[in-house]
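Q: In our numbering, the protein residues as written are 745 to 967. Provided herewith is a single structure, encoded as structure tokens, for subsequent inquiry.
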């Protein structure tokens with residue numbers, strides 16, 4: 745396979761949008777927060793081009809005010825475009841079991857069962873800045889390997905199992921997670937994504953590695 749690194753803020757949005765653009769059949773994205781206009785617009789366009797897009801988000805992120813409204817509004821934009829949107833959070837109902845996780849804190853995607861993106865930052869402007877906007881320092885890696893993609897996808901599909909009581913399908917009418925009152929939509933930004941300032945190396949060949957997923961095997965694996 746091959747490895748291509750990413751380092752925010754230098755060209756990370758350009759690289760990520762380019763990676764998304766390569767989707768032809770399916771795309772799975774699991775992330776704590778998704779509130780980036782350009783990335784949401786790209787996911788909407790992929791869904792409208794008959795790519796099967798599935799997104800899992802944290803139901804109760806540590807946000808309030810305008811940022812929380814934007815998270816809920818972006819989820820609505822995806823849902824309205826035909827994306828399968830789920831919230832990972834608290835099981836519902838009178839006799840519901842406790843939630844197995846405090847948060848979904850993943851930042852991972854699998855494209856067409858062949859390519860993996862994994863990163864340290866959420867899908868928002870502070871991780872993927874347009875133009876010369878300020879951002880966090882974040883890292884990412886694109887792994888083009890069917891073996892790795894299938895391994896990661898197997899774990900993601902377990903989290904996408906709708907029979908899990910802590911996985912809640914998107915509902916427009918939900919008073920806390922549905923379409924925000926007065927939401928008018930948000931299109932892509934007017935600032936073009938800048939490519940990285942230097943050529944990004946792609947390392948190809950025989951690879952070895954280990955996939956760790958918290959809380960399942962990450963502590964023992966890291967030790």
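Ideal Cβ positions, reconstructed from N, Cα and C, are used throughout, including at glycine. On a predicted model such as this, the values are computed, not experimentally measured, just so you know.
Rounded to whole angstroms, what's the CA-CA distance from residue 922 to residue 803? Just pull it up for me.
A: Going by the C-alpha atoms only, they are around 11 Å apart.
Q: Which of the three DSSP states is assigned to residue 928 in this structure?
A: Looking at residue 928 - three-state DSSP - the assignment turns out to be coil, as it is neither helix nor strand.
Q: Determine, using beta carbons only, whether residue 710 and residue 849 come nearer to each other than 7 Å.
A: Because the chain in this structure spans residues 745 to 967, residue 710 falls outside the shown range and cannot be described.
Q: Would you mind sorting residue 816 into buried or exposed? The rule is 16 or more other CB atoms within 10 Å of its CB.
A: Buried: at least 16 other Cβ atoms inside 10 Å.
Q: Go ahead and label residue 841 buried or exposed: buried means 16 or more other beta carbons lie within 10 angstroms of its beta carbon, across all protein chains shown.
A: Exposed: under 16 other Cβ atoms inside 10 Å.
Q: Is the separation between the beta-carbon of residue 854 and that of residue 906 shorter than 7 Å?
A: No. Outside cutoff.
Q: I'd like the ranges of any alpha helix (DSSP H) spanning at least 4 consecutive residues and lying wholly in the region 745–811.
A: Taking only runs of at least 4 residues, the alpha helix (DSSP H) segments lying wholly in the region 745–811 are 756–765 and 781–792.
Q: Using 8 Å as the Cβ pair cut-off and three pairs as the minimum, do the region 780–788 and the region 760–768 touch?
A: Flag = yes, the region 780–788 and the region 760–768 touch.
Q: Mind checking residue 902: buried by the 16 CB within 10 Å criterion, or exposed?
A: Answer is exposed; the Cβ neighbour count stays below 16.
Q: Mind checking who residue 902 pairs with in its DSSP beta bridge?
A: Looking at the DSSP assignment, residue 902 forms no beta bridge with any residue, so it has no partner.
Q: Would you grab the beta carbon distance between residue 943 and residue 746 for me? Rounded to a whole angstrom, and I think it's under 8 Å.
A: Not really, about 15 Å apart at Cβ, beyond 8 Å.
Q: Hey, is the region 876–886 in contact with the region 804–812, meaning 3+ C-beta pairs nearer than 8 Å?
A: No: fewer than three Cβ pairs fall under 8 Å.
Q: List, from N- to C-terminal side, the beta strand (DSSP E) runs of 3 residues or more that fit wholly inside the region 818–878.
A: With a minimum length of 3 residues, the continuous beta strand (DSSP E) runs that stay inside the region 818–878 are 828–832, 851–855 and 859–863.
Q: Determine the direct distance from the alpha carbon of residue 770 to that of residue 859, and round the result to whole angstroms.
A: Roughly 11 Å between the two C-alpha positions.
Q: Relative to the C-alpha of residue 839, which candidate in 910, 847, 945 and 827 has its C-alpha closest?
A: The shortest C-alpha separation from residue 839 is found at 910.
Q: Does the distance from the CB of residue 825 to the CB of residue 788 come in under 7 Å?
A: For residue 825 and residue 788, yes; Cβs fall inside 7 Å.
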